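Notes follow the structure.
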Amino acid sequence: QKEVEQNSGPLSVPEGAIASLNCTYSDRGSQSFFWYRQYSGKSPELIMFIYSNGDKEDGRFTAQLNKASQYVSLLIRDSQPSDSATYLCAVNTGFQKLVFGTGTRLLVSP
Amino acid sequence: ETGVTQSPTHLIKTRGQQVTLRCSSQSGHNTVSWYQQALGQGPQFIFQYYREEENGRGNFPPRFSGLQFPNYSSELNVNALELDDSALYLCASSNLGLAGRTDTQYFGPGTRLTVL
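Protein chains in written order, with our numbering: chain A, 1 to 110; chain B, 1001 to 1116.
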């Protein structure tokens, strides 16, 4: 079982819709969770982080964490074509490293 | 922009050669982590440096080594390059906070290494 799992996609949504990206992790001791956006050929860009169970909202983005079920999700409201990218879920399983999923490719069509 | 810089942007080497990649951390950050990202994969943790010492290492062989300097900038050295070393190498800047836990990591633009 991979430490962090994501559906590779692509996830296709029309412009203006809500995109829902999901991630599961295996280490119950994980403390902090991150979503990064990565455009093709570029480096990962931090979108959100979440430490506590529940929802955290920042503009059009909402991160959701459920530690009991070991999943974290990212909702993107009013999706725009510029949101088309690969979204990486990352989990801090210890003191030093981030463990990443393989990413979900999101395609937002005009 | 994160304030994290990396050089060079691209690099082409041949198998068996050695390479040095460089990273300058964001102002105010004391920790640098290095990741390798192969095509279609998520970044894989190589190692982390804090106060000029290695502070954690992933599953990479000893031919991957690093340094951190007093100004918190860092180098990644790879000896005896192999074809599978072709990847995007990412440097991430952060602070080591309470109880030694790494704070949020911010990535530089990366160095694309191609090994022929």
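Beta carbons are placed, not taken as given, at the ideal position from N, Cα and C, and that holds for glycine.
Here the structure is a predicted model, which means the values were calculated and not measured.
Could you tell me whether any Cβ in chain A is nearer than 8 Å to the Cβ of Q1026 of chain B?
Along the second sequence, one-based indexing puts residue 1026 of chain B at 26. Taking Cβ atoms only, chain A never reaches closer than 8 Å to Q1026 of chain B, which makes this a no.
Consider the Cβ of T1014 of chain B: report whether some Cβ of chain A lies at a distance smaller than 8 Å.
Counting from 1 along the second sequence, the entry for residue 1014 of chain B is found at position 14. T1014 of chain B does not count as touching chain A.
On the three-state DSSP scale, how would you describe D55 of chain A?
Counted from its first residue, the first sequence places residue 55 of chain A at position 55. In this structure, D55 of chain A counts as strand in the three-state DSSP scheme.
Rounding to the nearest angstrom, what Cα-Cα distance links T86 of chain A and G1003 of chain B in this structure?
As a first step, residue 86 of chain A is located in the first sequence; it is residue number 86 there, counting from the start. As a first step, residue 1003 of chain B is located in the second sequence; it is residue number 3 there, counting from the start. Roughly 22 Å between the two C-alpha positions.
Mind pulling the chain A residues with CB within less than 9 Å of F1045 of chain B?
The residue given as residue 1045 of chain B occupies position 45 in the second sequence. Within 9 Å Cβ-Cβ: Q96, K97, L98, V99 and F100.
Just to confirm the assignment: which complete beta strand (DSSP E) runs, minimum length 3, are found wholly within the region 36-88 of chain A?
As far as the region 36-88 of chain A is concerned, its whole beta strand (DSSP E) runs of at least 3 residues are 45-50, 54-58, 61-66 and 71-76.
Please report how far the alpha carbon of A17 of chain A lies from the alpha carbon of K56 of chain A, in whole angstroms.
Taking the first sequence and counting its residues from 1, one reaches residue 17 of chain A at position 17. Taking the first sequence and counting its residues from 1, one reaches residue 56 of chain A at position 56. Roughly 19 Å separates the two Cα atoms.
Would the region 1011-1030 of chain B and the region 54-71 of chain A be scored as touching if the rule is three or more Cβ pairs under 8 Å?
Contact fails: fewer than three Cβ-Cβ distances are below 8 Å.
Taking all protein chains shown into account, do 16 or more other C-beta atoms lie within 10 angstroms of the C-beta of T104 of chain A, making it buried, or fewer, making it exposed?
Taking the first residue of the first sequence as 1, we reach residue 104 of chain A at position 104. Burial call: buried.
At a CB-CB cut-off below 7 Å, which residues of chain A make contact with F1107 of chain B?
Translated into positions along the second sequence, residue 1107 of chain B becomes position 107. Simply S43 and P44.
Please classify K2 of chain A as buried or exposed, where buried requires at least 16 neighbouring CB atoms within 10 angstroms.
Looking up residue 2 of chain A in the first sequence gives position 2. The residue is exposed, with fewer than 16 neighbouring Cβ atoms inside 10 Å.
Rounding to the nearest angstrom, what Cα-Cα distance links Y71 of chain A and N22 of chain A in this structure?
By one-based count along the first sequence, residue 71 of chain A stands at place 71. By one-based count along the first sequence, residue 22 of chain A stands at place 22. When rounded, the distance between both Cα atoms is 7 Å.
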